[in-house]
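Asker: Protein chains in written order, with my numbering: chain A, 1 to 308; chain B, 1 to 308; chain C, 1 to 308; chain D, 1 to 308. Quick one: this structure, given as structure tokens, is what I'll be asking you about.
Number of protein chains: 4
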Amino acid sequence: MNDPDNPDKRSRWLKDSVTPDLVQFHREKKVLYTGDTKYQHAEIVDTYSFGLCLVLDGKIQSGEFDEFIYHESLVHPAMFSHGNPETIFIAGGGEGATLREVYRHKSVKKAVMVDIDQDVIELCRRYLPTFHRNSFDDPRTELHFTDARKYIADTKEKFDVIIIDIVDPLEAGPAVMLYTREYYQMLKDRMNPEGIMVIQSGSCGWTNLHVFTCIVNTLKTVFSNVKPYQVYVPSFVDMWGFTCASDMLDPSRLSKKAVTDAVSHRLNSKLKSYDGVSHKSMFTLSKPLRRKLAVTRKIITDADPVFI
Amino acid sequence: MNDPDNPDKRSRWLKDSVTPDLVQFHREKKVLYTGDTKYQHAEIVDTYSFGLCLVLDGKIQSGEFDEFIYHESLVHPAMFSHGNPETIFIAGGGEGATLREVYRHKSVKKAVMVDIDQDVIELCRRYLPTFHRNSFDDPRTELHFTDARKYIADTKEKFDVIIIDIVDPLEAGPAVMLYTREYYQMLKDRMNPEGIMVIQSGSCGWTNLHVFTCIVNTLKTVFSNVKPYQVYVPSFVDMWGFTCASDMLDPSRLSKKAVTDAVSHRLNSKLKSYDGVSHKSMFTLSKPLRRKLAVTRKIITDADPVFI
Amino acid sequence: MNDPDNPDKRSRWLKDSVTPDLVQFHREKKVLYTGDTKYQHAEIVDTYSFGLCLVLDGKIQSGEFDEFIYHESLVHPAMFSHGNPETIFIAGGGEGATLREVYRHKSVKKAVMVDIDQDVIELCRRYLPTFHRNSFDDPRTELHFTDARKYIADTKEKFDVIIIDIVDPLEAGPAVMLYTREYYQMLKDRMNPEGIMVIQSGSCGWTNLHVFTCIVNTLKTVFSNVKPYQVYVPSFVDMWGFTCASDMLDPSRLSKKAVTDAVSHRLNSKLKSYDGVSHKSMFTLSKPLRRKLAVTRKIITDADPVFI
Amino acid sequence: MNDPDNPDKRSRWLKDSVTPDLVQFHREKKVLYTGDTKYQHAEIVDTYSFGLCLVLDGKIQSGEFDEFIYHESLVHPAMFSHGNPETIFIAGGGEGATLREVYRHKSVKKAVMVDIDQDVIELCRRYLPTFHRNSFDDPRTELHFTDARKYIADTKEKFDVIIIDIVDPLEAGPAVMLYTREYYQMLKDRMNPEGIMVIQSGSCGWTNLHVFTCIVNTLKTVFSNVKPYQVYVPSFVDMWGFTCASDMLDPSRLSKKAVTDAVSHRLNSKLKSYDGVSHKSMFTLSKPLRRKLAVTRKIITDADPVFI
């Protein structure tokens, strides 16, 4: 009578509203945590599809089985574009996996990470050890629990690489003021001249293309080289977009061979997704995406922000 | 940004397939346990709709908020029909709530409970204290972990009241051979002459009416007085059926006043659902149900069992 | 390869949010209509569970397989309490099934029906012939498409039986002002002295008990005899409540035999659900419901309405 | 009260079980057709996410909003690899969109299309005009309703380009024998020496990678040049795989410029997704996919087929 192979006997599901018209249900294996932080509702759920997931306000943020695609794609193009990245600023990135990827680079001497929600970081620290691999405890880590815009306004430090790994700009959400031209200008002021910035820029396949193209267009009013790129992240149910911005560096010009060489010399551990071939592929955008970028005119400002 | 009132931020759901064409999702509060026993997949899930639920093989067995309706309705009509119930036999009833209701009767001297799945009882003992109220530890309780049919075949004991509180007869499931004329005859042989038996008989509203009417019809081939009755149990999404069977006793003849008097004198604690008015109402069947009972001819036997 | 018995190949579902924490999915057979009326979103959907359903703003209003329970229970207790109902007023009742039940009574000479949404009635007329059985075309029918409160304020007519069959009082919905003491007083003024009124009063099992008990309590401030009753309607996933109100008549006093006699003499066709036994059972309320009614104090007024 | 923007008032959903552990619900706009063909359950459903969809046995086959990505990616790499494709064989492709893409090439003189299910083609012809654009009625089209393997076994014709656009090899489904080495050898025998074949090869992201790598490996035992490629198709919730196979031609060697030139000279209409940049990107596989292809050893044969 015991039929562990019958999925209908496993009846708990995690619902993810991808859009108001498309809803996904992931079968749950185990719920490790559920509760409210000061800022959001947080859950750690083990799913059959994507393993352990961090879920904030009902949205899957990262899944154990494919987070490596997202985090390697976020971190390495910018890091390898820089000749010798020593000082790194990370906004967001609560799982600790962005920090983990940063520390694969032997050159790194200091990483300042700012996340508003300490409770989320404590949760990830406890329940998601394969995500952070103890990066929070690395002596080079400086962790601040505050608003990332306020931190940047107050600090006098400058960084080689700036990584913006925050949640999407939901209406009335905390991240709206972290997607404006004014904030990008503030970040640029805290970046060394030969530095580079990378921003997770939301979905770029079909669900919310608008935000992505506005981010790219806005960055172009602040930086000389703005290079959007994308990768497929299964648990996000869409192609995912990122944008590199710099005055001096251009990651799209890195050759396949240059990346392959850098990967083999500059890291202290192996990657699963990123390599020279992937690098070139990520900066090759689809035809509809190229067309949409070409016609976007909107500039995001504090006075005229953008929402999902 | 923290909006605990927005249910969309609570994204975990318990799925219950009422029929292949009607599926319910209950929002989950907390999962207390999930695992496989030797016989089935078992979960203890806290839901917003019905509180703590015992879920076996993906089906809700009992919900904290309305289990009192089911268990009071199962136990008391038979118990009050008997003048002085001292020895009780319970088949199934893993949550311990049937036992709890039995012990409300001051007359009870011994209760033998037989459930095949020890793991389920251990789970309920640990996670569902308001269901069993420590009835398992009552010195009058004799607990056996074996097949209820085998137990009845082997024992020499006789009982005043027999309560059959087992899962529905699913095809290829463990309970099929506990719903046949042969088994009912075996039970009758272990019942004192002035005894009475009650059987949870499945849904009797619209979802699986067939099993209910077959049980009633089969019992009529074994006992002189067979009295079906029903009550609405919200978490079962249907009217729920029970059947009393006896040669001497007829619960449908108990007057409202007789029940009211018995409730106030023979119990050691208060009831929430059952009283004289409810008793009369439960034995008043709907017109479609009376019509269906009148035309059912099928008799369930070992050679020709019935399934859901 | 063709397996019509595999329900997984029938993939379209109708979602019904019973509460924010309990959602039902009904497998769809066919969608006959979907569109917006001036007042609401309307759909006619054929489901495997309940046959053809009228769905307004995402809520199932009536299902083909069990609408007879609802409509017989709504209409006949009041009609049979009256000795000779000739003039009938119906507010709402767009499917035409309330009108159909009214016309089973040979005594009826005139039925005035007022529904605000003409499009819904046209839909039901076209797609739900077994619901209305052409009652709209009966020469005794007088149909008005306007607000039922406005109609009652303007008319000078008086009626023997008044049947209120409108949607639940959703916040900001059109029905809120049709559930107040002031409106009940207006209705009473248009009722003959020996008349009786019945009001569909929403769920009375567990999902929204509050509205039901408030309606009963409010009616008690306007009428001498107020008698709540209930019946189980499967497609509503709950016990359903109704309330009769009158100064002269008391349906709860009708004996089983009186109802049986009236059913066989006063109707022109057969009923499926209602009879003398059902009548007595409907007016027997559950213990938790009796308790809740006893403690409700709220009176619904224009200045202090009630919502679901 | 009329709020057409509230999605909760649109309550009909199309369920798509991506895997047993991941289920998607698409909000329905309209159901245009539902019924059984001789081979499968077929539906034409208009969804808010992807427009008009062909649904076979509960699985979305194509969505109006993104079918162009799938069909352009399937057809053009093989067609442009051939210098002058005149005779084309298509297995499957019931929507007619594969045929539509074929006819964009001015060189085409004849297209033989074989699909087992005539009813599906009649449905698509009627309900999906933007998919087929009347290609079925093109005088160059030769349509056969029979098993594609039987047709290939019986014909004596030879073709320049062979396009296999059939459903995935579900266990006990009709397509299993169309994914074996023996069938690929039969197809090769019906291909001109400088011909090329392309096979839709299922998902290649994460859901069913196994089938994709087995197809590639099997084709390598029959053809000298086997080139897998992939593209993201949103409505398939995954990266989608294709494989070109030929003895003489190698699409992966086409330069971006060669594709750009061919697109502008050899077609009679514009494309939305495919161009020189996309061509190069499609043949650039992800690192995990390259790794998996490198270690796959299984060869699919009639005696040892593969299933999803």
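Ideal placement from N, C-alpha and C gives every residue a C-beta, glycine not left out.
Would you mind reading off the limits of the beta strand (DSSP E) that contains alanine 42/B?
Answerer: By 1-based counting over the second sequence, the position of residue 42/B is 42. Counting along the chain, the beta strand (DSSP E) containing alanine 42/B begins and ends at 41-47.
Asker: Just list the alpha helix (DSSP H) runs in the region 177-256 of chain B, keeping only unbroken ones of 4 residues or longer that don't cross its boundaries, in chain order.
Answerer: Segments of the alpha helix (DSSP H) lying fully in the region 177-256 of chain B: 181-189 and 209-219.
Asker: Going by CA-CA distance only, name the one from Asp261/D, Val259/D and Leu289/D that's closest to tryptophan 240/D.
Answerer: For this step, residue 240/D is matched to residue 240 along the fourth sequence. Of Asp261/D, Val259/D and Leu289/D, the residue nearest in Cα terms is Leu289/D.
Asker: Let me see if you follow: with CB-CB separation under 9 Å, is histidine 41/D close to chain C or not?
Answerer: Reading the fourth sequence from its first residue, position 41 is the one you call residue 41/D. Yes, because at least one Cβ of chain C sits closer than 9 Å to the Cβ of histidine 41/D.
Asker: Our contact map puts methionine 282/B next to valine 231/B with C-beta atoms below 8 Å; I'd like the distance itself, whole angstroms only.
Answerer: Here residue 282/B refers to the residue found at position 282 when the second sequence is read from its first residue. Here residue 231/B refers to the residue found at position 231 when the second sequence is read from its first residue. That pair is a contact at about 5 Å.
Asker: Are the beta-carbon atoms of isoleucine 164/B and isoleucine 199/B separated by less than 9 Å?
Answerer: Working through the second sequence from its first residue, we reach residue 164/B at position 164. Working through the second sequence from its first residue, we reach residue 199/B at position 199. Yes, they are a contact pair.
Asker: Go through its chain and collect everything with a Cβ distance to threonine 301/A's Cβ below 7 Å, but skip five positions before and after it.
Answerer: What you label residue 301/A is simply residue 301 of the first sequence in a count that begins at 1. Around threonine 301/A: Thr180, Arg181 and Glu182.
Asker: Name, please, each residue of chain C whose Cβ falls closer than 9 Å to the Cβ of methionine 239/B.
Answerer: Numbered from its first residue, the second sequence carries residue 239/B at position 239. Here the neighbours are Tyr232 and Pro234.
Asker: Check arginine 133/C in the structure and name its three-state DSSP category.
Answerer: The residue given as residue 133/C occupies position 133 in the third sequence. Three-state DSSP puts arginine 133/C in coil, outside helix and strand.
Asker: Taking the straight line between their C-alpha atoms, what separation do you get for lysine 29/A and glutamate 64/A?
Answerer: Within the first sequence, the letter at position 29 stands for residue 29/A. Within the first sequence, the letter at position 64 stands for residue 64/A. So the two alpha carbons sit approximately 13 Å from each other.
Asker: Hey, does threonine 322/A have any beta-carbon neighbour from chain B nearer than 9 Å?
Answerer: The shown model of chain A, from 1 to 308, leaves out residue 322/A, and the question about it has no answer.
Asker: Could I get the ranges of all uninterrupted alpha helix (DSSP H) runs contained in the region 39-95 of chain B, with 4 residues as the minimum, in chain order?
Answerer: Whole alpha helix (DSSP H) segments, 4+ residues: 67-81.
Asker: Going along chain C in order, which residues have a C-beta closer than 7 Å to the C-beta of glutamate 28/D?
Answerer: Position 28 of the fourth sequence, counted from the first residue, corresponds to residue 28/D. Neighbours of glutamate 28/D on chain C, chain order: Arg12.
Asker: For chain C, find out if any of its Cβ atoms is closer than 9 Å to the Cβ of proline 4/B; answer yes or no.
Answerer: Counting from 1 along the second sequence, the entry for residue 4/B is found at position 4. Any reading at proline 4/B needs caution, since the residue's pLDDT is 43, under 50, leaving its predicted position unreliable; the model's value is listed next. No - not a single Cβ of chain C is within 9 Å of the one on proline 4/B.
Asker: So, with DSSP's three-state summary, where would you put threonine 155/A?
Answerer: For the purposes of this step, residue 155/A is taken as the residue at position 155 of the first sequence. Residue state, collapsed to three classes: coil.
Asker: Thinking just about the alpha-carbon of each residue, which of Pro85/B, Gly173/B, Ile299/B and Ala245/B is nearest to the one in serine 107/B?
Answerer: Indexing the second sequence from 1 puts residue 107/B at position 107. Of Pro85/B, Gly173/B, Ile299/B and Ala245/B, the residue nearest in Cα terms is Pro85/B.
Asker: Please identify the residue among Asp250/B, Ser135/B, Thr34/B and Asp247/B whose C-alpha is closest to the C-alpha of arginine 100/B.
Answerer: Here residue 100/B refers to the residue found at position 100 when the second sequence is read from its first residue. Ranking the options by Cα distance to arginine 100/B, first place goes to Ser135/B.
Asker: Identify the residues that DSSP records as bridge partners of glutamine 24/B: which are they?
Answerer: On the second sequence, position 24 is the one that residue 24/B refers to. Asp16/B and Gln24/C, per the DSSP bridge assignment.
Asker: Could you check what DSSP says for aspartate 275/A in three-state terms: helix, strand or coil?
Answerer: Indexing the first sequence from 1 puts residue 275/A at position 275. It is coil, neither helix nor strand.
Asker: Please check if any C-beta of chain D sits within less than 9 Å of the C-beta of tyrosine 48/A.
Answerer: On the first sequence, position 48 is the one that residue 48/A refers to. Judged by the 9 Å Cβ criterion, tyrosine 48/A is in contact with chain D.
Asker: Please tell me whether lysine 15/C has its Cβ less than 9 Å away from any Cβ of chain D.
Answerer: Translated into the one-based positions of the third sequence, residue 15/C becomes position 15. At least one chain D Cβ lies under 9 Å of lysine 15/C.
Asker: Residues of chain A with CB under 8 Å from lysine 287/B, in chain order?
Answerer: Taking the first residue of the second sequence as 1, we reach residue 287/B at position 287. What lysine 287/B touches in chain A: nothing, since even the nearest Cβ is about 35 Å away.
Asker: So, using beta-carbon positions, are threonine 87/A and valine 114/A closer together than 9 Å?
Answerer: Indexing the first sequence from 1 puts residue 87/A at position 87. Indexing the first sequence from 1 puts residue 114/A at position 114. For threonine 87/A and valine 114/A, no; Cβs fall outside 9 Å.
Asker: Could you check how far apart the C-beta atoms of leucine 128/A and leucine 52/A are, in whole angstroms? I think they sit under 8 Å.
Answerer: If you number the first sequence from 1, residue 128/A lands on position 128. If you number the first sequence from 1, residue 52/A lands on position 52. Correct: roughly 6 Å between the Cβ atoms.
Asker: Per DSSP, isoleucine 162/A forms a beta bridge with which residues?
Answerer: Counted from its first residue, the first sequence places residue 162/A at position 162. DSSP lists Phe89/A and Met197/A as partners of isoleucine 162/A.
Asker: Give me the Cβ distance between valine 23/D and valine 237/D, rounded to the nearest whole Å; I'm assuming they're in contact under 8 Å.
Answerer: As a working mapping, residue 23/D is identified with position 23 in the fourth sequence. As a working mapping, residue 237/D is identified with position 237 in the fourth sequence. Contact flag wrong, Cβ pair sits at about 11 Å.
Asker: Please determine, among His71/D, Asp137/D, Leu123/D and Met248/D, the residue with the shortest C-alpha to C-alpha distance to isoleucine 166/D.
Answerer: Position 166 of the fourth sequence holds residue 166/D. The shortest Cα separation from isoleucine 166/D among His71/D, Asp137/D, Leu123/D and Met248/D belongs to His71/D.
Asker: I'd like to know whether the C-beta atoms of phenylalanine 131/A and leucine 54/A end up nearer to each other than 9 Å.
Answerer: Here residue 131/A refers to the residue found at position 131 of the first sequence. Here residue 54/A refers to the residue found at position 54 of the first sequence. Yes, they are a contact pair.
Asker: In chain C, which residues lie less than 7 Å from aspartate 57/D when you measure between Cβ atoms?
Answerer: Numbered from 1 along the fourth sequence, position 57 holds the residue referred to as residue 57/D. Within 7 Å Cβ-Cβ: Lys9.
Asker: Starting from the C-beta of glycine 276/D, find all residues in its chain whose C-beta is less than 8 Å away, skip the five residues before and the five after it, and write them out in chain order.
Answerer: Taking the fourth sequence and counting its residues from 1, the one referred to as residue 276/D is at position 276. For glycine 276/D, where only same-chain residues beyond five positions count, the Cβ hits under 8 Å are Ser255, Lys256, Lys257, Ala258, Val259, Thr260 and Val263.
Asker: When you compare only the Cα positions, how much space is there between arginine 104/D and threonine 155/D?
Answerer: Locating residue 104/D in the fourth sequence gives position 104, counting from the first residue. Locating residue 155/D in the fourth sequence gives position 155, counting from the first residue. Looking at the two C-alpha atoms, the distance is approximately 26 Å.
Asker: When Cβ atoms are compared, which residues of the region 256-284 of chain A fall closer than 9 Å to chain D?
Answerer: Taking 9 Å as the Cβ-Cβ cut-off against chain D, the residues of the region 256-284 of chain A that qualify are Leu271, Lys272, Ser273, Tyr274, Asp275, Val277, Ser278, Lys280, Ser281 and Thr284.
Asker: Within 10 angstroms of the Cβ of threonine 221/D, are there 16 or more other Cβ atoms? Answer buried if so, exposed if not.
Answerer: In the fourth sequence, residue 221/D corresponds to position 221, counting from 1. Exposed is the call here.
Asker: What separation, rounded to the nearest whole angstrom, lies between the Cα atoms of lysine 287/D and isoleucine 44/B?
Answerer: Position 287 of the fourth sequence, counted from the first residue, corresponds to residue 287/D. Position 44 of the second sequence, counted from the first residue, corresponds to residue 44/B. Taking the straight line from one Cα to the other gives about 42 Å.
Asker: Taking C-beta to C-beta, are serine 235/A and serine 73/A nearer than 9 Å?
Answerer: For the purposes of this step, residue 235/A is identified with residue 235 of the first sequence, where counting begins at 1. For the purposes of this step, residue 73/A is identified with residue 73 of the first sequence, where counting begins at 1. In this structure, serine 73/A does not lie closer than 9 Å to serine 235/A by Cβ.
Asker: Could you check where the beta strand (DSSP E) with threonine 317/A kicks off and where it finishes?
Answerer: Look at the range of chain A in this structure, 1 to 308, and you will see that residue 317/A is not part of it.
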